[in-house]
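Right, one structure below, let's go through it.
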Amino acid sequence: MGTPDFAQKSLQALYEANFEIIGVVTNIDKPKGRGMKVIPTPVKKYSEEKKLPVYQPVKIRNNEEFIEEIKKLNPDLICVVAYGKILPKELLEIPKYGCINVHGSLLPKYRGAAPIQWAIINGEKETGITTMYMDVGMDTGDMILKEKVEIEENETTGMLWERLATIGANLLVKTVENIENGIIKREKQDDEKATYAPMLSKEIANIDWENKTAIEIKNLVRGLNPIMGAYTFWNGKKYKLWKVQVIENEEFRKIISTISMEKIIENIKVGEIIYSDAKKGLYVKAKDAVISVEEIQAENAKRMKIDEFLRGYKL
């Protein structure tokens, strides 16, 4: 049971490990892009290529017809990876060996819908994958296997997502093999150490120049790349920031050696542009340092490197 490319990698790993996959459950096809063409989920696309039976219920809760279909399949095990729906107790109880999940964090940290994004937004230095038995709670079940990874300084959600998808797929195969061979280790989670990673709202993407430090702004930009993009406004128009760096004030003095740094910093408010030049870049004042914008996107325009952008836009 899964939906995005993250889940497709796990399905592929199970298929290539020669497990018998008797059914695949994924979300319904949805319209995407400018033409709003209906696109199958990555999991469905892969399943159809491999001629695996696909089920796409609109809902799972209070859906007796779907529950009966799964009962008829009589699965030994259900693997859930980024499916996008909470499973009811009656479904969790169907398979002989239970339902297991691949979760994109080191549980009990970052339970919830967006663990990869929040780990980056919060400036974590490490994260990982946990496989776990599912229960009726939100990512509260017993843990099985874990693999830890370091988060790189400039790593985006997109980059980390790709890495964890591969790690998760391999860890899932190992977990299923252990269950098959009777090597089952269950570790209870410490609920007191739990943190939560709720779904991302559009409001969080609006950069709070007044209250956030420069590194917090950079982490927000990394964490929302490529999902939605952190944004800000200039002269009433919306601009998305896709890549930024933090420049300490002393370092900024060396970059912009032709102007009086002190006067400019004193006269400019937090969140305003300090300096804009196609050759030297775009710099915005944060409350404790300077933000150098490296990739940007204007309203109804494409994403651009800052030098290309500033040759066409005068800020």
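Under the working numbering, the first residue of the sequence shown is numbered 31, with each subsequent residue one higher. Ideal Cβ placement from N, Cα and C applies to all residues, glycine included.
Take residue i and list the residues in its own chain whose beta-carbon comes closer than 7 Å to its own, dropping the five residues that flank it on each side.
i      : result
LEU136 : THR157, GLY158, THR160, LYS176, LYS178
ASP220 : PRO138
ILE58  : GLN86, VAL88
THR205 : ILE130, THR161, ILE174, LEU175
ILE52  : LEU103, PRO105
ARG333 : TRP272, GLU325, GLN327
MET229 : ALA143, ALA144
ALA47  : VAL203
LYS215 : ILE174
Leaving aside the five residues before and after residue i along the sequence, list all residues of the same chain whose C-beta is less than 8 Å from its C-beta, in chain order.
i      : result
TRP264 : ILE303, LEU345
LEU202 : SER40, ALA43, LEU44, CYS109, VAL111, ILE130, VAL132, THR161
PHE125 : Note that residue 125 is Pro in the sequence shown here, rather than Phe. Only PRO105, ASP106, LEU107, ILE108 meet the Cβ criterion.
VAL300 : TRP239, GLU240, LYS315, ALA316, LYS317
ILE298 : ILE304, LYS315
Please list the terminal residues of the continuous beta strand (DSSP E) segment that includes residue i.
i      : result
PRO61  : 60-62
ILE213 : Per DSSP, ILE213 belongs to no beta strand (DSSP E) and is neither H nor E.
VAL300 : Segment: none, VAL300 is in no beta strand (DSSP E) and carries neither H nor E.
TYR127 : Premise fails: TYR127 is in no beta strand (DSSP E) and is neither H nor E.
ARG333 : 333-335
LYS155 : No beta strand (DSSP E) holds LYS155; DSSP gives it neither H nor E.
TYR351 : The structure shown does not extend to residue 351, since the chain is modelled only from 31 to 345, so the question has no answer here.
LYS178 : 173-180
VAL68  : 67-69
Hey, could you find the ends of the alpha helix (DSSP H) residue i is sitting in?
i      : result
ASN208 : 187-210
LEU107 : No alpha helix (DSSP H) holds LEU107; DSSP gives it neither H nor E.
GLN42  : 35-46
ALA149 : 145-151
VAL323 : It is not in any alpha helix (DSSP H) - VAL323 instead sits in the beta strand (DSSP E) that spans 320-328.
LYS74  : 72-79
So, under 8 Å CB-CB, residue i and residue j are touching, yes? Tell me the CB distance rounded to an integer number of Å.
i      : j      : result
GLY134 : LEU194 : 5 Å
ALA316 : ILE247 : 6 Å
LYS115 : ILE90  : 5 Å
ILE286 : TYR261 : That belief does not hold up - the Cβ atoms of ILE286 and TYR261 are roughly 25 Å apart, past 8 Å.
ILE321 : ASN249 : No, ILE321 and ASN249 are not in contact; Cβ-Cβ is about 12 Å, not under 8 Å.
THR186 : PRO72  : That pair is no contact at about 19 Å.
ILE100 : LEU122 : In fact, because the Cβ distance is near 11 Å, the residues do not count as touching under 8 Å.
GLU278 : ALA224 : That belief does not hold up - the Cβ atoms of GLU278 and ALA224 are roughly 36 Å apart, past 8 Å.
Measuring CB to CB, does residue i end up less than 7 Å from residue j?
i      : j      : result
VAL54  : SER77  : yes
ALA112 : THR33  : yes
GLU154 : ILE181 : yes
ILE237 : VAL276 : no
ARG141 : MET168 : yes
LYS119 : ASP172 : no
ARG341 : ALA308 : yes
LYS232 : GLU329 : no
GLY259 : LYS242 : no
TRP148 : ALA227 : yes
ILE209 : TYR127 : yes
Which residues in the same chain have their Cβ closer than 6 Å to the Cβ of residue i, if we skip the five residues on either side of it in sequence?
i      : result
VAL68  : ASP59, PRO61
VAL84  : VAL54, LYS74, SER77
LEU312 : SER306, VAL323, ILE336
ASN365 : Any answer about residue 365 is impossible in this case: the structure gives the chain only from 31 up to 345.
GLU280 : none
ALA199 : LYS39, SER40, ALA43
VAL166 : LYS119
(request) Enumerate, from N- to C-terminal direction, the unbroken beta strand (DSSP E) stretches of 3 or more residues contained entirely within the segment 222-288. (result) 260-264, 267-277
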